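Enquirer: Letter 65 of the sequence shown, counting from 1, is numbered 307 in my numbering, and no numbers are missing. For every residue, glycine included, the Cβ atom is placed at its ideal position computed from N, Cα and C. Small disclaimer: the values here were computed from a predicted structure and weren't measured. Next up is a structure, given as structure tokens.
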Amino acid sequence: MNILDIINKKRLNKELTYEELSYAFNGYLNKDIPDYQMSALLMAITINGLSFYETYNLTKIFVESGETYHFDEKVCDKHSTGGIGDTVTFIIAPILAALDIPIAKMSGRGLGITGGTIDKLESIPGYNINLTKEEYYKNIKECRIAIGAQTDNLVPLDKVIYALRDVTGTTESIPLIVSSIMSKKIACGASFIVIDIKCGEGALIKTEEDAKVLSEWLIKMGRKFNVNVKTLITPMDEPLSNSIGNALEVLEAIEVLKGKETKLTKVSLDVAATLIASYKGLLPESGYILAKEVLKNGKAYEAFEKWISTQGGDLSKIKVSDKVLTLRSAKDGQITHISALACGKLSIKLGAGRQTKDSKIDYSVGVKLLKNKGDRVKKGDVLAEIYTNDVNIDLSAEDLNLFTII
Ligand code: URA
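Structure, rendered in structure tokens:
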């Protein structure tokens, strides 16, 4: 077999066999195929696509590239394609645990302007993100939740391909997204999965049409692997919560778990209801009622505390910066839009995300939105607080253009 023939075949929009895909992708993992040839193949795939059958084979090749987890019981998993202010995992995992439903999950770090659950978990001092396979099994038994970082042994092929896609303009290919997401979920041993597809300016998927295609393919791929997949399509033009920045987001999730109703509450209840319904064979409305009950009666918060302490975290030590700048309205009017993209970019500039692959994150910084879409404001009203450790930070009008006020 020859890598050039494989690249040319895909360039001419012909279907690749399992053997050809395996030769190319495993060859890349083993370093027999260089970056430039894999980049050419990824671009040919991004332009011409893969059939569902090719995507199935690629997903299998990804899963087979590393170890797989097998729990003694059926467990749930949840995935989000990446958003701004998205701490849904922090809320739904304890809701499920409070209902004795296990959830095991390998999460990622921030990518581009979107935040990552692992970075947010690391803002809780002591939290151990590096769980072994045995710790996953043990924590699921003990507190029904196990959430850590992706290990080197689980789908190593996704790790190397994802890093290459990130820098070759090939992140938006639906077949590549499907194999990337589904291989990790399948290798991690989930039986019930909910995938929250974020759609809009602040997300990887920009259009509703692409979100629908992705949704269909994820569900169909789940069936091929005997996994129950449900999807939600969530708009991502506006931040999902009022906090953007690692520790700030965790603190807002805690408020929701303690009963405060924010915009995060609704999407979290929707995601939780979907998983509860799949797991228990109920209608989503019944799942919703159960989720709401444990959120209200404090059982979800109790499960949250147990989870964090089981993984070594100390909630009393979460720190946000005490240097706070204020963003004030320049005029009277009504807020018609809050830009997720602008909030994401500002939080990166403050140091809440990475500017380069090796940047160090400052967990204590970020943005707290004090006004919502639809609110009427007066000139001089505080719209947002900006948490920074550098009071001399140079923020331009463009950096601060978070709110549209008409
Ligand atoms: N999330 C993933 O894990 N992979 C993708 O390709 C996109 C989102």
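So does residue 603 have its beta carbon nearer than 7 Å to some heavy atom of the ligand URA?
Expert: No, the Cβ of residue 603 stays beyond 7 Å of every heavy atom of the ligand URA.
Enquirer: Whose CB is closer than 5 Å to a heavy atom of the ligand URA? List the residues in chain order.
Expert: For the ligand URA, the selected residues are 323, 419, 422, 423.
Enquirer: Have a look at 545, 547, 512 and flag the residue whose alpha-carbon is nearest the alpha-carbon of residue 531.
Expert: Comparing Cα positions, the closest option is 512.
Enquirer: If you draw a straight line from the alpha carbon of residue 508 to that of residue 498, how long is it in whole angstroms?
Expert: Taking the straight line joining both Cα atoms gives about 10 Å.
Enquirer: Just tell me which of 560, 387, 277, 518 has its CA closest to the CA of residue 544.
Expert: With distances taken between Cα atoms, residue 544 lies closest to 387.
Enquirer: For the structure I just gave you, are there three or more beta carbon pairs, one from the stretch 459–477 and one from the stretch 549–561, closer than 8 Å?
Expert: These segments do not touch.
Enquirer: In this structure, how does DSSP classify residue 570 when only helix, strand and coil are distinguished?
Expert: Looking at residue 570 - three-state DSSP - the assignment turns out to be strand.
Enquirer: Per DSSP, what are the beta-bridge partners of residue 470 in this structure?
Expert: Partner(s): 434.
Enquirer: Near residue 546, which residues of its chain fall below 6 Å by C-beta distance, leaving aside the five closest residues on each side in sequence?
Expert: Taken in chain order, the residues that qualify are 336, 499.
Enquirer: What does DSSP give as the partner residues of residue 629 in its beta bridges?
Expert: DSSP lists 566, 608 as partners of residue 629.
Enquirer: Can you tell me where the alpha helix (DSSP H) holding residue 390 begins and where it ends?
Expert: Where residue 390 is concerned, there is no enclosing alpha helix (DSSP H), although the beta strand (DSSP E) it sits in stretches over 387–391.
Enquirer: Could you say if the stretch 485–498 and the stretch 601–613 meet the contact criterion of at least three C-beta pairs nearer than 8 Å?
Expert: Because the criterion of three Cβ pairs below 8 Å is met, the stretch 485–498 and the stretch 601–613 touch.
Enquirer: Using a threshold of 8 Å, state whether the C-beta atoms of residue 439 and residue 457 are closer than that.
Expert: A contact, by the Cβ cut-off of 8 Å.
Enquirer: Counting along the chain, where does the alpha helix (DSSP H) carrying residue 285 start and finish?
Expert: Where residue 285 is concerned, the enclosing alpha helix (DSSP H) stretches over 277–290.
Enquirer: Evaluate residue 309 with the Cβ neighbour count: other Cβ atoms within 10 Å of its Cβ, from every protein chain shown; 16 or more gives buried, anything less gives exposed.
Expert: When all chains shown are included, residue 309 counts as exposed.
Enquirer: In the DSSP assignment, the beta strand (DSSP E) including residue 348 goes from what residue to what residue?
Expert: Looking at the DSSP string, the run of the beta strand (DSSP E) that includes residue 348 is 345–349.
Enquirer: List the residues that DSSP assigns as beta-bridge partners of residue 318.
Expert: For residue 318, which the question treats as bridged, DSSP gives the partners 345, 434.
Enquirer: Taking buried to mean at least 16 other C-beta atoms within 10 Å of its own C-beta, is residue 243 buried or exposed?
Expert: Classification of residue 243: exposed, given that the 10 Å Cβ count is below 16.
Enquirer: Tell me the DSSP secondary structure of residue 560 in three-state form.
Expert: Looking at residue 560 - three-state DSSP - the assignment turns out to be coil, as it is neither helix nor strand.
Enquirer: Just how far apart, CA to CA, sit residue 475 and residue 441?
Expert: Approximately 7 Å, taken between the alpha carbons.
Enquirer: May I ask you to list the residues that DSSP assigns as paired with residue 645?
Expert: According to DSSP, residue 645 bridges with 580.
Enquirer: Work out the CA separation of residue 345 and residue 384 for me, nearest whole Å.
Expert: The straight-line gap from Cα to Cα measures roughly 12 Å.
Enquirer: Between residue 520 and the rest of its own chain, which residues show a CB-CB distance below 7 Å, the 5 nearest in sequence each way excluded?
Expert: 434, 470, 472, listed in sequence order.
Enquirer: DSSP puts residue 449 in a beta bridge; with which residues?
Expert: BP columns for residue 449 are empty, so no partner.
Enquirer: If you reduce the DSSP assignment to three classes, tell me which class residue 619 lands in.
Expert: Strand.
Enquirer: Would you mind stating whether residue 285 and residue 406 have Cβ atoms separated by less than 8 Å?
Expert: No, these two residues do not count as a Cβ contact at 8 Å.
Enquirer: Does DSSP put residue 352 in a helix, in a strand, or in coil?
Expert: In this structure, residue 352 counts as coil in the three-state DSSP scheme.
Enquirer: Return no unless some Cβ of chain D is closer than 8 Å to the Cβ of residue 330.
Expert: Included in the structure is just one protein chain, with no chain D present.
Enquirer: Among 422, 380, 394, 477, which has the Cα closest to the Cα of residue 447?
Expert: Looking at the Cα atoms, 477 is the closest of the given residues.
Enquirer: Report back the beta-carbon spacing between residue 421 and residue 300 to the nearest angstrom; my notes put them in contact at under 8 Å.
Expert: About 4 Å; that satisfies the 8 Å criterion.
Enquirer: Check this for me: beta carbons of residue 292 and residue 417, under 8 Å apart or not?
Expert: Yes, the pair counts as a contact, with Cβ atoms nearer than the cut-off.
Enquirer: Hey, could you find the ends of the alpha helix (DSSP H) residue 297 is sitting in?
Expert: Counting along the chain, the alpha helix (DSSP H) containing residue 297 begins and ends at 294–305.
Enquirer: Please name the residue or residues paired with residue 476 in a DSSP beta bridge.
Expert: Per DSSP, 440.
Enquirer: Starting from the Cα of residue 295, find the closest Cα among 259, 283, 273, 265 and give me that residue.
Expert: Nearest of 259, 283, 273, 265 to residue 295, Cα basis: 259.
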